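To start, the structure itself, in structure tokens.
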Amino acid sequence: MTKHNCPQTALIHAPRQAPQYIETIQPPLFRASTIIFKTTTHLFDRHWTDAYDYSYGTHGTPTTFTLADNIAQIEGGDFCLLAPSGLSAINLVNSAFLSSGDEVWVADNIYGPNLEHLKNLQDRYDIRVRIYNPIDAESFQPTEKTKLIWLEAAGSVTLEFPDLKNLVKKAQQANVLTALDNTWGAGLAFNAFDFSDEHLSVDITVHALTKYPSGGGDILMGSVVTRDQLLHHKLYRMHATQGISVSGDDTAQIQRSLAHMSLRYEQQSKSAITVLDWLKQQPQFSQVLHPSNPDVAGHQFWAEICSTGKSAGLVSVIFKPEYDLAAIRKFCDSLTLFKLGFSWGGPVSLVMLYDLKQMRELKNTHLQQGLLVRFCIGLEHPEDLIQDIQNALKQLE
Ligand SMILES: Cc1ncc(COP(=O)(O)O)c(C=O)c1O
């Protein structure tokens, strides 16, 4: 232990360093803005694009690189960048690849704030936003100006699984970058980088780690994964120059939750199927939306690509038109286990109500008219959740 004359100095210059050989279940946590260079040689020789050449907190620490490597692995990719939220990861892709005059295609069921952000770019930077129907690959008509297509499998509110194969094939033929919002599959339902007999792959995945990887409903984070080093470097440069970075503490928390992520995903997936089977029997709904439901558009694409039968814990219902907004609000307010809130993937079940008319640009013939309620199944017992929904439905009689 090094001794300092003045206790104030001793408090600042830690007397003890952990030995290299110490091993713990969780990796040590690094919190850093400044990273100290041993010598000026290290300072002048550093290469910030090399993930293991540490230079400054925004460029990464062993803590952030550990989580990034794990997320890349879970999703079947090679490189990963972390962002402070899922939406910020989406915006990183948009800002790295879209330029004035480009066209971007977006699925009609895409995560709403992504579309909102792109429309903002459209107005300000002459980037044309075009909408396609995810279950009809014919509706995607790339032109010479098309740079990027956003995919989501399944859409997180209406839960259609897209015709991923034909959309990706068409994009590849037209030399269009494919970016998939992989939050629903979380790298567990299917491998976005190898999802067919022909080994089709998307170019980029974005994942709201806020959902299943965090698993606590308390931490925001996002990731961008690729297999292509050139794409990664383009993203990395944008990431570093925009100052996008995440907190070491949040990163360590998510790293800790990864150990049980697939167990939680499977349980929530199973519970969602139990709730789904019950919801299908109830007379109040005109449609019960879940990719495993054969009556739902896109079911065949889910069945082929998610051949293990896995799905996230989301189920939506469309109430029959006789239930107006006041009735749906009463229903949501009567639930006790399901809490009213955005997001999913945490321990507590959540509910949210949506008006499809305000959400969709295309006329979706496969969706019935009516108000939609989405259930995000948590880790409670599914029979208790069913009872909660049953009690709330009784309030509508
Ligand atoms: C499908 C999907 N993608 C992205 C996001 C954005 O994630 P975050 O809340 O971390 O910004 C969400 C959040 O609800 C989402 O549902």
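Quick note, this note's numbering runs 10 ahead of the 1-based positions in the sequence shown. We put the beta carbon where it would ideally sit given N, CA and C, even for glycine. Computed from a predicted structure; not experimentally measured.
Between the CA atoms of residue j and residue i - distance to the nearest angstrom
{"i": "V256", "j": "E314", "result": "36 Å"}
{"i": "Q252", "j": "V116", "result": "24 Å"}
{"i": "L92", "j": "M231", "result": "7 Å"}
{"i": "P172", "j": "N143", "result": "8 Å"}
{"i": "Q292", "j": "P152", "result": "42 Å"}
{"i": "I35", "j": "T74", "result": "17 Å"}
{"i": "L345", "j": "I338", "result": "11 Å"}
{"i": "S149", "j": "Y66", "result": "45 Å"}
{"i": "L372", "j": "A82", "result": "34 Å"}
{"i": "P123", "j": "N101", "result": "10 Å"}
{"i": "A322", "j": "S110", "result": "36 Å"}
{"i": "G380", "j": "P94", "result": "35 Å"}
{"i": "K404", "j": "H376", "result": "28 Å"}
{"i": "C16", "j": "A24", "result": "13 Å"}
{"i": "S279", "j": "D334", "result": "30 Å"}
{"i": "A181", "j": "Q239", "result": "20 Å"}
{"i": "I45", "j": "D55", "result": "14 Å"}
{"i": "Y275", "j": "F200", "result": "13 Å"}
{"i": "Q400", "j": "L125", "result": "35 Å"}
{"i": "T261", "j": "A196", "result": "17 Å"}
{"i": "I32", "j": "F40", "result": "15 Å"}
{"i": "Y135", "j": "I254", "result": "22 Å"}
Closer than 8 Å to chain D by CB, residue i
{"i": "D365", "result": "Given the protein chain composition of this structure (a single chain), no chain D is represented."}
Beta-bridge partners of residue i, as assigned by DSSP
{"i": "W115", "result": "R140 and I159"}
{"i": "K349", "result": "L360"}
{"i": "V298", "result": "V327"}
{"i": "R384", "result": "S326 and M362"}
{"i": "C90", "result": "V235"}
{"i": "T44", "result": "Y66"}
7 Å Cβ shell around residue i - same chain, five flanking residues per side excluded
{"i": "L289", "result": "F295, V298, V325 and V327"}
{"i": "R7", "result": "Here the chain comprises residues numbered 11 to 407, so residue 7 is not present and cannot be evaluated."}
{"i": "L108", "result": "V114, L131, I137, K157 and L158"}
{"i": "L241", "result": "D213 and I214"}
{"i": "T76", "result": "P37 and Q265"}
{"i": "D398", "result": "L345, T346, L347 and F348"}
{"i": "M248", "result": "L102, S105 and A106"}
{"i": "K129", "result": "V139"}
{"i": "I141", "result": "V116, D118, E371 and L372"}
Proximal residues to residue i (C-beta, below 8 Å), its chain only, five neighbours per side dropped
{"i": "L53", "result": "F47"}
{"i": "D79", "result": "C90"}
{"i": "S211", "result": "V178, A202, F203, D204, F205 and R237"}
{"i": "H270", "result": "G225"}
8 Å Cβ cutoff met for residue i and residue j
{"i": "E85", "j": "H217", "result": "yes"}
{"i": "L363", "j": "C342", "result": "yes"}
{"i": "T215", "j": "A184", "result": "no"}
{"i": "I145", "j": "V186", "result": "no"}
{"i": "W213", "j": "T193", "result": "The residue asked about is misnamed: residue 213 is Asp in this sequence, not Trp. Going by C-beta atoms, D213 is not nearer than 8 Å to T193."}
{"i": "K356", "j": "G388", "result": "It should be pointed out that residue 356 corresponds to Gly in this sequence rather than to Lys. Yes, the pair counts as a contact, with Cβ atoms nearer than the cut-off."}
{"i": "P301", "j": "L169", "result": "yes"}
{"i": "L347", "j": "E390", "result": "yes"}
{"i": "L395", "j": "S353", "result": "no"}
{"i": "I264", "j": "S224", "result": "yes"}
{"i": "H69", "j": "A250", "result": "yes"}
{"i": "I229", "j": "T236", "result": "no"}
{"i": "T71", "j": "A42", "result": "yes"}
{"i": "Y222", "j": "E162", "result": "no"}
{"i": "K8", "j": "L406", "result": "Only positions 11 to 407 of the chain appear in this structure, which leaves residue 8 out of reach."}
{"i": "S233", "j": "A147", "result": "no"}
{"i": "K320", "j": "L198", "result": "yes"}
{"i": "R26", "j": "V167", "result": "no"}
{"i": "F311", "j": "L174", "result": "yes"}
Span of the beta strand (DSSP E) around residue i
{"i": "H217", "result": "I214 to A218"}
{"i": "T236", "result": "G232 to T236"}
{"i": "T188", "result": "L187 to D191"}
{"i": "L53", "result": "It is not in any beta strand (DSSP E) - L53 instead sits in the alpha helix (DSSP H) that spans T50 to D55."}
Limits of the alpha helix (DSSP H) - the one that residue i falls within
{"i": "L125", "result": "G122 to Y135"}
{"i": "F341", "result": "L335 to S344"}
{"i": "N80", "result": "P72 to E85"}
{"i": "K320", "result": "Counting along the chain, K320 falls outside any alpha helix (DSSP H), and DSSP gives it neither H nor E."}
{"i": "F107", "result": "G96 to F107"}
{"i": "Q265", "result": "G258 to L268"}
{"i": "V285", "result": "M271 to L289"}
{"i": "P17", "result": "P17 to I22"}
{"i": "V178", "result": "L174 to Q183"}
{"i": "D6", "result": "The question about residue 6 has no answer here: the residues shown for the chain are numbered 11 through 407."}
Neighbourhood of residue i by C-beta distance below 6 Å, restricted to the same chain and skipping five residues each side
{"i": "L382", "result": "S326, I328, Y364 and L366"}
{"i": "I283", "result": "none"}
{"i": "G308", "result": "I145, E170 and F171"}
{"i": "A20", "result": "H14"}
{"i": "E64", "result": "The sequence as given places Tyr at residue 64; Glu does not occur at that position. So the qualifying residues of the chain are I45."}
{"i": "G165", "result": "N119"}
Any non-hydrogen atom of ligand 2 closer than 7 Å to residue i Cβ
{"i": "D118", "result": "With respect to ligand 2, the structure shown offers nothing to examine, as its ligands consist of ligand 1."}
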